[in-house]
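S.K.: In UniProt numbering, the protein residues as written are 1 to 289.
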Amino acid sequence: MLAWLDELPFGTKYLLIFMILLHIAKITLMPPLFMQKLYLNPFLVIKQNEYWRIFTSQYVHADIIHLAMNMMTFYQLGNFFERSVGTIAFFYYIFIFGVLSNLLDCLIAWFMAWGGRPEHFIGSAVGFSGVLFSLTVIDSAVSPGSQRSVMGLFLVPKDFYPWALLLFMSIIIPSASLLGHATGMVMGYLYIFGLLKWLVPSKETFSKIERKLCCCALNHNGYYAAENNGANQYQPYALFNNLAGNTENDDAAADDPENPHMLRPNARPNNNNRNNNDNIFHGTAHTIE
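(1) Taking all protein chains shown into account, do 16 or more other C-beta atoms lie within 10 angstroms of the C-beta of L162, making it buried, or fewer, making it exposed?
(2) Alpha carbon to alpha carbon, how far is A109 from I46? Give it in angstroms, no decimals.
(3) Would DSSP call V200 helix, strand or coil?
(4) Which runs of the beta strand (DSSP E) fall wholly inside the UniProt domain "Peptidase S54 rhomboid" (49-197) and span at least 3 residues, in chain order?
(5) Whole angstroms is fine: what's the gap from residue 290's alpha carbon to E119's?
(6) To the nearest angstrom, how far is the alpha carbon of L100 from that of L40?
(7) Assuming K37 is part of the alpha helix (DSSP H), what are its boundary residues?
(8) Would you mind reading off the limits of the alpha helix (DSSP H) that contains P42?
(9) Return the chain-ordered list of same chain residues with a C-beta closer than 8 Å to the C-beta of L15, the five sequence neighbours on each side being excluded.
(10) Tell me the residue span of the alpha helix (DSSP H) that contains A225.
(11) Does the Cβ-Cβ distance between F206 and G86 come in under 8 Å?
(12) Exposed or buried, which one is I192 when buried takes at least 16 other CB atoms within 10 Å?
(13) Counting only the same chain and skipping the five closest in sequence on each side, list residues whose C-beta sits under 6 Å from that of L135.
(14) Assuming R53 and L38 are in contact, meaning their beta carbons sit under 8 Å apart, how far apart are those beta carbons, in whole angstroms?
(15) Excluding sequence positions up to five away, which residues of its chain have a Cβ less than 6 Å from the Cβ of M185?
(16) State the Cα-Cα distance for the pair G116 and F168, rounded to the nearest angstrom.
(17) With DSSP run on the structure shown, which of helix, strand or coil describes E7?
(18) Among the residues of its own chain, which have a CB less than 7 Å from the CB of G222, if the five just before and after it don't count?
(19) If distances are taken between C-alpha atoms only, which option among S84, G123, T183 and T28 comes closest to S129?
(20) Check the C-beta distance from L199 over to I88 and give it rounded, since I have them as a contact under 8 Å.
(21) Rounded to the nearest angstrom, what separates W4 and M72 at their Cα positions?
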């Protein structure tokens with residue numbers, strides 16, 4: 001019955017389970033006032049110094065539908081990303097995508113309040129969708145083919161797929177947090193252009209952490225070691241050429257032994273293996289008034 005779960009890499013599997021268990025605890029054990037302490041609220045973060053909200057809100061969901069949509073999407077996107085960068089780096093990137101997108105969300109909401117639009121500044125939001133939009137940008141950048149399907153309804157050029165999805169989600173789910181999704185996309189673009197490099201430990205550092213934690217014992221449980229996956233070495237300009245459609249130097253831009261992590265299009269499953277992903281309904285970060 002749970003064979004689909006066994007096929008997932010270690011990090012994707014247990015992060016997915018954690019968010020499901022957290023939601024079960026939310027509706028069965030946790031007092032509502034306690035759970036509200038975990039929501040992202042820019043006013044409370046900036047004015048009341050409740051900084052922990054930046055680290056917690058992405059793992060909380062508004063309701064079971066919200067959770068289900070996000071977890072179905074994470075099942076696909078997390079699977080590919082973890083296999084590409086390694087499990088330790090996967091956890092690290094998920095963490096910084098969530099934290100940085102929340103920080104940017106708070107900053108933009110603050111400026112919006114100055115401009116006479118305080119709704120987002122004083123409102124609360126939850127959900128993993130900011131991280132999912134980061135992964136969507138990365139997935140689109142390295143996927144084969146020239147087009148992507150927006151939830152099975154229409155095709156768009158793959159480079160514009162995250163933007164089409166952002167607009168479409170805002171239309172069909174007005175309560176979704178447009179700002180939360182957009183800031184997640186920003187983190188995805190910072191990643192693919194190598195602008196997060198200064199925040200990321202070296203692959204050797206990830207390997208040392210693995211050895212100290214004896215992560216080799218987890219290999220049988222879907223763990224992907226940093227030694228076999230590039231965790232932080234970037235070739236942003238080679239990837240930029242690929243995004244821009246420059247295929248003249250495709251061979252020259254191929255994986256470098258010194259940078260084995262390079263997310264190349266041929267590392268992505270072929271189109272026959274990703275049809276289900278194209279039709280997945282991408283989750284939403286709900287704004288809670």
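Beta carbons are placed, not taken as given, at the ideal position from N, Cα and C, and that holds for glycine.
M.R.: Let me lay it out:
(1) Residue numbering aside, residue 162 sits at position 162 when the sequence shown is read from its first letter. According to the sequence displayed, residue 162 carries Pro and not Leu. Counting Cβ neighbours within 10 Å, P162 comes out buried, since at least 16 surround it.
(2) In the sequence shown, the residue the question calls residue 46 occupies position 46. In the sequence shown, the residue the question calls residue 109 occupies position 109. Rounded to whole angstroms, the separation of the alpha carbons of A109 and I46 is 10 Å.
(3) On the sequence shown, residue 200 is found 200 positions in, with the first residue counted as 1. In this structure, V200 counts as coil in the three-state DSSP scheme.
(4) DSSP runs (the beta strand (DSSP E)) wholly in the UniProt domain "Peptidase S54 rhomboid" (49-197): 124-126, 147-150 and 154-157.
(5) Because the chain here runs from 1 to 289, residue 290 falls outside it and cannot be looked at.
(6) As a working note, residue 100 is residue 100 in the sequence shown. As a working note, residue 40 is residue 40 in the sequence shown. Looking at the two C-alpha atoms, the distance is approximately 13 Å.
(7) Counted from its first residue, the sequence shown places residue 37 at position 37. Segment: none, K37 is in no alpha helix (DSSP H) and carries neither H nor E.
(8) Residue mapping note: residue 42 aligns to position 42 of the sequence shown, counting from 1. For P42, the enclosing alpha helix (DSSP H) covers residues P42 to K47.
(9) Here the question's residue 15 lines up with position 15 in the sequence shown. These residues qualify, in order along the chain: F74, G78, F91 and I94.
(10) For this step, residue 225 is matched to residue 225 along the sequence shown. Element bounds for A225: n/a, residue is neither H nor E.
(11) The count along the sequence shown starts at 1 and reaches residue 206 at position 206. The count along the sequence shown starts at 1 and reaches residue 86 at position 86. The Cβ atoms of F206 and G86 lie closer than 8 Å to each other.
(12) Translated into the one-based positions of the sequence shown, residue 192 becomes position 192. The residue is buried, with at least 16 neighbouring Cβ atoms inside 10 Å.
(13) Here residue 135 refers to the residue found at position 135 when the sequence shown is read from its first residue. Closer than 6 Å at Cβ, skipping near neighbours: L77 and F81.
(14) Your numbering for residue 53 matches position 53 in the sequence shown. Your numbering for residue 38 matches position 38 in the sequence shown. Between L38 and R53 the Cβ distance is about 7 Å, and since that is below 8 Å, they are a contact.
(15) For this step, residue 185 is matched to residue 185 along the sequence shown. For M185, where only same-chain residues beyond five positions count, the Cβ hits under 6 Å are F133, V137 and P162.
(16) Mapped onto the sequence shown, residue 116 falls at position 116. Mapped onto the sequence shown, residue 168 falls at position 168. G116 and F168: Cα-Cα distance of roughly 26 Å.
(17) Taking the sequence shown and counting its residues from 1, the one referred to as residue 7 is at position 7. In the three-state DSSP reduction, E7 falls in the coil class, being neither helix nor strand.
(18) If you number the sequence shown from 1, residue 222 lands on position 222. Around G222: L8, P9, F10 and K13.
(19) On the sequence shown, position 129 is the one that residue 129 refers to. Of the candidates S84, G123, T183 and T28, the residue whose Cα lies closest to the Cα of S129 is T183.
(20) Position 199 of the sequence shown holds residue 199. Position 88 of the sequence shown holds residue 88. Rounded to whole angstroms, the Cβ separation of L199 and I88 is 15 Å, and the two are not in contact under 8 Å.
(21) Within the sequence shown, residue 4 is the residue found at index 4, counting from 1. Within the sequence shown, residue 72 is the residue found at index 72, counting from 1. Rounded to whole angstroms, the separation of the alpha carbons of M72 and W4 is 12 Å.
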